[in-house]
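Colleague:
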Amino acid sequence: MVQTRIEKRLEFIDQEIAGMKKELSKVPVIEISLNEIAKSIDLMRLRSEKQQQLLFTIMETSSRERLAMSGQVTESVAKETEKAKGKENKAASSKMTESDRNFGFDRNERKMDSDDGFHDRNKFKKIEMPMFTGEDPDSWLF
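Numbering-wise, the sequence shown is residues 1 to 142 according to UniProt numbering.
(1) Quick check: the Cα distance between residue 131 and residue 123, rounded to an integer number of angstroms?
(2) Per DSSP, what kind of secondary structure is residue 124 in: helix, strand or coil?
(3) Got a sec? Which residues, its chain only, sit under 6 Å from residue 24 by beta carbon, not counting five neighbours each side?
(4) Which class does residue 135 belong to by DSSP, given the choice of helix, strand or coil?
(5) How big is the Cα-Cα spacing for residue 82 and residue 59?
(6) Identify whether residue 59 lies in helix, strand or coil by the three-state DSSP scheme.
(7) What three-state label does DSSP hand residue 69 in the structure shown?
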């Protein structure tokens, strides 16, 4: 009876040892796959850094182009308005022409200021805040 218990324990221990050997044989395969994963992560990191640099250069060039285009448009509009005002006011005195230019500049400046306010209004959303009227105080807790 004692001997059968010992034999059962030995068989159980042998089974555990065999299971552990199987697990240990899997370790090198796991290490290899982990190394491959680490290499692929490094490669992906390098690619993302290159893409980020490319995006930064694209953004810089587009912002430079926008600045150049806005500068050209502003200059051409200013020249056209000066030509148009010069044609309209040939008979007028130089004081009148100067005051018209200043008035147009002020009007354009106000227009730009109001445009900024319009864009600011679109940035923010209106929300409704509930007001506590003294009724149903439990609803304010949850």
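Built from N, CA and C at the ideal position, the CB exists for glycine as well.
Modeller: According to the structure data:
(1) 25 Å
(2) coil
(3) none
(4) coil
(5) 34 Å
(6) helix
(7) helix
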